[in-house]
Structure formats: C-alpha cells, structure tokens
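Heads up, the thing below is written out as structure tokens.
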Amino acid sequence: MKIYLALLILCTILNSCFLFSKYKRSSFTYNENGSTYSVPVIIPKGFSKERTEVDSSGNTILTYSYGPELFYMANMADTSTYVFPIDELINIPRLYEPTGALVYKGMDSTHLYWREVRQNKLRTGYRNVSPEKEVRFDSATNYFMVHPIAPAVQKSVKRQG
Numbered sequence: 234m235k236i237y238l239a240l241l242i243l244c245t246i247l248n249s250c251f252l253f254s255k256y257k258r259s260s261f262t263y264n265e266n267g268s269t270y271s272v273p274v275i276i277p278k279g280f281s282k283e284r285t286e287v288d289s290s291g292n293t294i295l296t297y298s299y300g301p302e303l304f305y306m307a308n309m310a311d312t313s314t315y316v317f318p319i320d321e322l323i324n325i326p327r328l329y330e331p332t333g334a335l336v337y338k339g340m341d342s343t344h345l346y347w348r349e350v351r352q353n354k355l356r357t358g359y360r361n362v363s364p365e366k367e368v369r370f371d372s373a374t375n376y377f378m379v380h381p382i383a384p385a386v387q388k389s390v391k392r393q394g
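All residue numbers for the sequence shown refer to my numbering, where the first residue is 234 and numbers rise by one.
What follows is the structure, given as structure tokens:
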C-alpha cells in the first residue's frame, strides 16, 4: 500500500512540473482535403487573445496575442502566401536536419525578436518579442521544430439512428 501511495505522489509531482510551467499544452487543428488534422503544440502562458482565421485560399492561422507579442501556428494550403513576409535575401534559414524544418530568426528595427519555423505546409513563429521573453517563445517553437510533424487525423464518429 505504501508503494502505491509513493508512486501516486511521485506521479503527481512529476505531472505538476508541467502543469505549473510557463507553457500550456494545446493542439493546432486545421482542415485539408476534406480531413481534419490536429498537431500537438505548446504555447507560452499569459496570452490575452486567441484567434483562428481561415482565408479564401484555405490557409488556417491560429494566433495568440500577449499585448505587443504575437505567437502563431499556421497551415499554409497556399505556400506562396506568408503569415508574415520574410526577406529571404538577407535572412538565410537554418536547416534542422532531423525533421527538415527551416528556421528563420531575426530582430526588427525596434530591437524586438521574430522567428518562424517551417515544416512542409506548417508554420509556427512569433513577432515583437523582447529579449527577456525570447527564451520562452523560442522553446515553444523548438517543440514544433524537434518533433517530426505527423498530424493525427481526427475521425468523426457516425451515429446510427
């Protein structure tokens, strides 16, 4: 009995380490070719607004606002469009070979950081992030970058009448 109680306490402590961290577990859900897909993500806690937009090209963009800071996830059905334009002549991406992700990162004219990670049609990134908060936002995009993206298809349950 003591062993079970010790295991229960240990599991609770280990689980609470993530529950009280600076991140929230979530998922990014989008539709493509008639199927619904879901990708697990972590996002920095403290956002004040969450918004999902789908444009006429089928691009799905989920944004989290933190005041001036912005964190986003996107599925770009039309890869010729951008969430935020990046001047690729002066911003050369770094390739993360294990997953094939392209990583763009820079600083704007007001000395705030931006970053975008691209894997196939999926994007995640942030804009307007101060140096003090850069690590939190980098960690959230790193979670996306280091995990090979294999979106789970959400199956709908048909009820028989």
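Note that the Cβ used here is the ideal one computed from N, Cα and C, for glycine as well.
How would you call residue i, buried or exposed, if buried means at least 16 neighbouring beta carbons within 10 angstroms?
{"i": "L322", "result": "exposed"}
{"i": "T417", "result": "Outside the displayed span of the chain (234 to 394) sits residue 417, for which this structure offers no information."}
{"i": "G394", "result": "Here G394 scores only 44 on pLDDT, less than 50, and its place in the model is too uncertain to base an answer on."}
{"i": "R392", "result": "Its pLDDT being 43, under 50, R392 is placed unreliably by the model, and nothing is read from it."}
{"i": "V277", "result": "This sequence places Pro at residue 277; Val is not what is there. That one is buried."}
{"i": "Y441", "result": "Residue 441 lies beyond the range of the chain shown here (234 to 394); nothing can be said about it."}
{"i": "S389", "result": "Legend: pLDDT at S389 = 48, less than 50; position of this residue unreliable, value from coordinates given subsequently. So S389 ends up on the exposed side."}
{"i": "T420", "result": "Residue 420 lies beyond the residue range present for the chain, which begins at 234 and ends at 394; the question has no answer from this structure."}
{"i": "T312", "result": "exposed"}
{"i": "T285", "result": "exposed"}
{"i": "N292", "result": "buried"}
{"i": "R327", "result": "exposed"}
{"i": "V368", "result": "exposed"}
{"i": "D341", "result": "exposed"}
What is the DSSP secondary structure of residue i, reduced to helix, strand or coil?
{"i": "M309", "result": "coil"}
{"i": "K278", "result": "coil"}
{"i": "S254", "result": "coil"}
{"i": "V390", "result": "In this prediction, V390 has a pLDDT of 43, which is less than 50 and means its spatial position is unreliable; what the coordinates show is noted afterwards. Of the three classes helix, strand and coil, the one that applies to V390 here is coil, per DSSP."}
{"i": "P301", "result": "coil"}
{"i": "N264", "result": "strand"}
{"i": "S259", "result": "strand"}
{"i": "S271", "result": "strand"}
Residue i and residue j: beta carbons closer than 8 Å?
{"i": "Y359", "j": "L295", "result": "no"}
{"i": "S254", "j": "V274", "result": "no"}
{"i": "V336", "j": "Y329", "result": "yes"}
{"i": "N308", "j": "Y263", "result": "yes"}
{"i": "T314", "j": "M378", "result": "no"}
{"i": "V272", "j": "L355", "result": "yes"}
{"i": "A373", "j": "Y256", "result": "yes"}
{"i": "E349", "j": "I319", "result": "yes"}
{"i": "A310", "j": "S281", "result": "no"}
**Request:** Give, in chain order, every unbroken run of the beta strand (DSSP E) that is at least 3 residues long and sits entirely within the region 313 to 387.
**Result:** You should have 327 to 329, 334 to 340, 346 to 352, 355 to 362 and 385 to 387.
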